[in-house]
Amino acid sequence: MYMKLMIMPNSLDMVKNMIDKYDAVMIGIENLSINMPKYYSYEEFKEMYDICKQNGKEVFVALNKNMHNKDLDYLKEIMFKLEYLDVSGIMYYDVALVNIKLENNLKTSLVWGQEHLTTNAITSNFWNSYGADYTLVSSEITSDEVLEMQKESKSKLIVTVFGHLPMFVSERHLVKNYLKTFDLKDNSEINYIENSGNIYPIIDNDLGTISYSSHVLNGINEVLKFREIGINYILLNPFLISDNDFKIVLDLFNSVNGDNIENYSKQIEEMFNTDYGFFNKETIYKVKKND
0 MYMKLMIMPN SLDMVKNMID KYDAVMIGIE NLSINMPKYY SYEEFKEMYD ICKQNGKEVF
60 VALNKNMHNK DLDYLKEIMF KLEYLDVSGI MYYDVALVNI KLENNLKTSL VWGQEHLTTN
120 AITSNFWNSY GADYTLVSSE ITSDEVLEMQ KESKSKLIVT VFGHLPMFVS ERHLVKNYLK
180 TFDLKDNSEI NYIENSGNIY PIIDNDLGTI SYSSHVLNGI NEVLKFREIG INYILLNPFL
240 ISDNDFKIVL DLFNSVNGDN IENYSKQIEE MFNTDYGFFN KETIYKVKKN D
């Protein structure tokens, strides 16, 4: 089975210049998305969409922020526009999208993307019955748990294998409030927090505060296993990664095999401050079956 490579583009140039290195894109829309490397107006999205479709690429759209009443009219407007395009799926966090889809009999598939909650096939199958044909798997489960989920899930799975991982989101402006409290001046788009020797990127913008992992996830060692068990998509995120470096990473993931996987993994380790995330790290507490 062919496993597709999906990226979250951080520019129109990335969409154009790396068109032969990916199979699908996940694009965020301004004011409706979160945890994306960049957000785009509908017009900018449409330009990317046209380029992708002209080159036979799949397009997914992230409308995955926590919605408020003031967001609903614009959310409906965008969902109705997407209904007339060949969009493979719309990723959601807020169930308002599910309700809008059902109430208006929209045909576009959904992607269950509730981050830390997308950990099991049972809930994935529940949302599948409401039109979520895809699940973006949580980055906080092991590769063995991904395998278990793949066996039982009715939805196509998307697994993140590279990039800085979002750790938490708060609608409060934690950085801006701190700077204001202590009368500090800082116009940086990205701040960094040091804790126990690790440096964590943190963004405070109109969406609130978003903190990311200190290390870059290097999941190339899992790719062959994921391909073998039938994972549908692997996802790579270029947040804080230069275009040149990301291009190299895409080449490595596209050409990895049993003979070169160790060398490729070492090459990525030499390029970035990496770890393996939770792929080989079991959670401390786990509910036992039938308990």
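Going by numbering that gives the first Met the number 0, 226 is the number at position 227 of the sequence shown; the sequence numbering is gapless. Note that CB positions come from ideal geometry on N, CA and C, so glycine has one too. Given the structure is predicted, the values throughout are model-derived calculations rather than measurements.
N119 is not a Cβ neighbour of Y92, given a cutoff of 9 Å.
Buried is the label assigned to M7, since at least 16 other Cβ atoms lie within 10 Å of its Cβ. For N103, DSSP assigns no beta-bridge partner whatsoever. Of the residues assessed, H163 falls on the buried side of the cut-off, its CB having 16 or more other CB atoms within 10 angstroms. In terms of CA proximity to Y21, G55 leads the group E42, G55, S10, P36. Membership of E147 in the alpha helix (DSSP H) is indicated by the continuous run 142 to 151. Counting of Cβ neighbours within 10 angstroms places K45 among the exposed residues, the total staying below 16.
Assignment of T134 by DSSP, reduced to helix, strand and coil, places it in the strand class.
Secondary-structure assignment with DSSP links S212 through no beta bridge to anything.
In this structure, DSSP gives I198 an extended state, which the three-state scheme calls strand.
Sequence-distant partners of S264 (beyond 5 residues in either direction) whose C-beta falls short of 8 Å from its own C-beta, in its chain, are N217, I219, N220.
Relative to G27, the option among I230, Y48, D203 whose CA is nearest is Y48. In the structure shown, L156 adopts extended strand secondary structure according to DSSP, grouped into three states. Per DSSP, I6 lies in no alpha helix (DSSP H); the unbroken beta strand (DSSP E) holding it starts and ends at 3 to 6. Per the C-alpha coordinates, the member of V145, N231, N204, G207 positioned closest to K155 is N231.
The stretch 198 to 278 contains, as complete alpha helix (DSSP H) runs of 4+ residues, the segments 222 to 228, 242 to 254, 260 to 270 (chain order). The beta strand (DSSP E) runs of length 3 or more contained entirely in the stretch 34 to 101 are, from start to end of the chain, 57 to 62, 88 to 91. Under the three-state reduction of DSSP output, S169 falls in the strand class. Nearest C-alpha to I140 among S10, H115, Y133, F125: H115. Residue pairing by DSSP places F161 opposite N217, L235 in a beta bridge. Annotated three-state conformation of I26 is strand, per DSSP. N190 is bridged by DSSP to I201. Contact check for P237 against M90 fails: the beta carbons are separated by 9 Å or more.
For the 9 Å CB-CB criterion, V97 and A131 form a contact.
Secondary structure of L109 (DSSP, three-state): strand. When Cβ pairs closer than 8 Å are counted between the two stretches, the stretch 182 to 196 is seen not to touch the stretch 254 to 272, the count staying below three. The residues N217, I219, V248, L251, T273, in chain order, have a CB closer than 7 Å to that of I267 in the same chain once the five nearest residues on each side in sequence are set aside.
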